[in-house]
Each structure stands twice: as C-alpha cells, then as structure tokens.
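Numbering (UniProt numbering), first residue to last: 1 to 255.
Reading through the structure tokens given below for one structure.
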C-alpha cells in the first residue's frame, strides 16, 4: 500500500514556489466543511475541469491505493463564490485540492493540480514523464497540457455558454466558438492520426496530457459537435481512454 505520510514532498523548486505563492492557509475551512480522513480532499463539480482531477485521482487510487474525499460544489448556486471557498481559490472556480497530509496545502487550477498530484504521488512515473530522464517527453506533455488549458478548454467552454446558457441568442458567437472547437479537434486529429496518446515515444503513452484534454472531448455533443467520426484518430483516442475503468469512475464524480 502506498503511504503518503511516509514520503517527503519532492516538488521541483519552480513548481514549489508557484504553488506556495497561490495557497493561503485554509486549515480551519478544510476541516470544518468537509468530513473524512483520506489524504486528499477534492472540492469539485461535474464539469470537464472537475472531471480531469477526479479521473487522475481514480487512476492514482487504482495504481497506488491512495483514496480521497469529495465535497460537491453546487455551481448553480454559486457556492464557489462564497467567502470560505474564495479563501482557497480567489478565482472562484472548481476544482480545488486539499492535501491533508501536508498541513492542508491547497492547490487550485486543474493543470496545477494534475502536476502536483503527479509529483506528489506518482513516484513510478506511470502517468507522466521524468523531467530529467525523459525531458523531451516531459516537455511534450507540458506543451499539450498548456495547449488544452489555453485553447481547448476556454474555446469549448465558450461554445457551451453560447449554445446552452447565454441569456440571448447570438448566432455569430455560437458559430464562432463551435467553429473554433472543431478546429481544435482538428489539431488533436493531426497529433493522433498515427499515435495512441498525446505524449510519449513511439505511438505515445497514456499520461496526464491525455487526462487533461479528455473530459472536454467527452462533452462534444453538449457543445454542439454531434460526432467525432470526422476525426478518426481523435475518435479512436477517445474510445481508448473511455475504456479505462478509472476514467469511467472519475467521470461520475461527484455522484
């Protein structure tokens, strides 16, 4: 059984400085609002960004035996905008991860959470790449994480808003963001035309780069993209990842 308490935290100095600068002291908040004794506490909702983290936590659970508690955030009631939540994430978005085994250390922003969990738990590099020994693939992994974080997520998120939630019908905005979502799917197709995964040698290796992009692609129909058949490499990648038990479980959290 993997022991989180027995292993010292070994983050890179750059990532450690970045995370430390973002995280206020939320010990009392974490303890008072969310029961449970598991090493990690996840504040989340059933959105693509929330599911990225729960998928990776489920992968960690299967690979290393770690477990985590979940606190469901009702974004329809703007719970994430309440002062207690803003004390953890001033941006007022989900998810937030609390590392109880490290004095309730708080991490927000999905990409930061994935990288934190990789360095914190995945000592065997099952889902990421060694920055020293596999530095090229580590860089490629980061490139695809940042690509999705800066492009796929924001653009498809806007498509969702104008398709589903905008208070008025704006055809230009609906077309603009749907077209851009489809263009970004085309970028994934270019990468995956002769590969199984986004990063890694040869045909690639399943990693947090894939986990980071998958929940957005999984929501393609909600965004107005009826089928992935136009992008056969992307479609095969989607089916391949959805065949993982941890992914299915992670997509259903919070249940």
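All C-beta atoms, glycine included, are put in the ideal place defined by N, C-alpha and C.
The model shown is predicted, which means the values in this text are computed figures rather than measured ones.
Problem set entry | Paired residues, beta bridge with residue 41 - DSSP | 69, 98
For this session: Closer than 8 Å by C-beta to residue 122: which residues in its own chain qualify, once you throw out the five before and the five after it? Chain order, please.
Result: 60, 63, 64, 128
For this session: Determine, using beta carbons only, whether residue 148 and residue 193 come nearer to each other than 8 Å.
Result: no
Exercise. Closest to residue 73 by CA distance: which of 67, 85, 66 is it?
Worked result: 85
Exercise. By Cβ distance, which residues of its chain are closer than 6 Å to residue 116, with the 5 residues on each side in sequence left out?
Worked result: 107
Exercise. Helix, strand or coil for residue 121 per DSSP?
Worked result: helix
For this session: Name the two residues that bound the continuous alpha helix (DSSP H) containing residue 247.
Result: 245 to 251
Exercise. From which residue to which residue does the beta strand (DSSP E) around residue 108 run?
Worked result: 105 to 108
Exercise. Taking the alpha helix (DSSP H) that residue 140 falls in, what are its first and last residues?
Worked result: 135 to 147
Exercise. Are at least three pairs of beta-carbons, each pair with one atom in the stretch 196 to 216 and one in the stretch 38 to 46, less than 8 Å apart?
Worked result: Cβ pair count under 8 Å is below three, so no.
Problem set entry | Euclidean distance between Cα positions of residue 82 and residue 95 | 14 Å
Problem set entry | Endpoints, the alpha helix (DSSP H) within which residue 199 is located | Careful: residue 199 lies outside any alpha helix (DSSP H) and carries neither H nor E.
For this session: Find out if the Cβ-Cβ distance for the pair residue 114, residue 211 is shorter than 8 Å.
Result: Less than 8 Å divides the Cβ of residue 114 from the Cβ of residue 211.
Exercise. With 16 as the cutoff for other CB atoms within 10 Å, does residue 51 come out buried or exposed?
Worked result: buried
For this session: Could you say if the stretch 145 to 160 and the stretch 215 to 223 meet the contact criterion of at least three C-beta pairs nearer than 8 Å?
Result: yes
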